[in-house]
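In what follows, a structure is listed as structure tokens, so that the remarks can point back to it.
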Amino acid sequence: MDLESSRIAGNFRNEKGMTLIELILSAAILSHLLVALYTFLVTGMKIYNQSWEDLSNLQNARYAMNRLSIAISQARDVKVVSNSKIEITLADCSKVYYYLEYGTLYREKNGGKNPVAELSFLEFRQNSDSKVVKIVLKAGKERDITFKTSVTPFGALIRGQP
Numbered sequence: 028m029d030l031e032s033s034r035i036a037g038n039f040r041n042e043k044g045m046t047l048i049e050l051i052l053s054a055a056i057l058s059h060l061l062v063a064l065y066t067f068l069v070t071g072m073k074i075y076n077q078s079w080e081d082l083s084n085l086q087n088a089r090y091a092m093n094r095l096s097i098a099i100s101q102a103r104d105v106k107v108v109s110n111s112k113i114e115i116t117l118a119d120c121s122k123v124y125y126y127l128e129y130g131t132l133y134r135e136k137n138g139g140k141n142p143v144a145e146l147s148f149l150e151f152r153q154n155s156d157s158k159v160v161k162i163v164l165k166a167g168k169e170r171d172i173t174f175k176t177s178v179t180p181f182g183a184l185i186r187g188q189p
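Numbering (this note's numbering), first residue to last: 28 to 189.
Okay, structure coming up:
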């Protein structure tokens with residue numbers, strides 16, 4: 028038994044470590060794994076950031092369309108001032124303006140100006156013979172999210188014109 032244990036111990040003593048080729052191969056394999064992991068993580072972050080931006084743009088567009096359509100539907104009267112500005116007359120005959128300025132939709136009432144949402148495009152259209160207001164809005168820079176709708180100011184029908 029003593030002879031066998033010394034032979035095993037002798038084998039370990041003769042073992043000096045890894046060869047240069049083994050070391051280079053293991054370093055190459057490890058570097059390929061690290062590059063693959065880094066590429067995977069960077070791609071995941073890009074997808075996450077793009078999804079976050081798309082979600083933010085969708086939320087801005089949805090909120091803006093909701094605010095505009097509710098304001099117009101409850102209005103006593105609506106007048107399209109320009110392609111990107113609308114004047115809404117409320118039930119108490121006060122006026123509210125919605126308009127796009129430098130990528131931000133603003134609501135202005137009694138001289139106060141409040142931001143509503145960030146948009147890249149806004150257009151109001153109204154035929155002279157109709158009360159219906161058509162709204163087209165876009166949010167986003169690279170990948171646009173577009174909403175279109177038509178709104179009738181029911182406040183004018185319910186309350187009657189002054």
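The beta carbon of each residue, even a glycine, is placed where N, CA and C say it ideally should be.
{"Check": "Beta-carbon separation of A88 and I172 under 8 Å?", "Outcome": "yes"}
{"Check": "Which residue from N137, G130, K136 puts its Cα closest to that of L149?", "Outcome": "G130"}
{"Check": "Pick helix, strand or coil for T116, following the three-state DSSP scheme.", "Outcome": "strand"}
{"Check": "Where K140 and R134 are concerned, what is the direct C-alpha to C-alpha distance, given to the nearest angstrom?", "Outcome": "6 Å"}
{"Check": "Might you give, ordered along the chain, the residues of its own chain that have their beta carbon closer than 6 Å to the beta carbon of V123, omitting 5 neighbours on each side?", "Outcome": "I115, K136"}
{"Check": "Whose C-alpha, out of L82, V160, S100, is nearest the C-alpha of V108?", "Outcome": "V160"}
{"Check": "Would you give the residue range spanned by the beta strand (DSSP E) that G139 belongs to?", "Outcome": "139-145"}
{"Check": "So what's D104 in DSSP terms, helix, strand or just coil?", "Outcome": "strand"}
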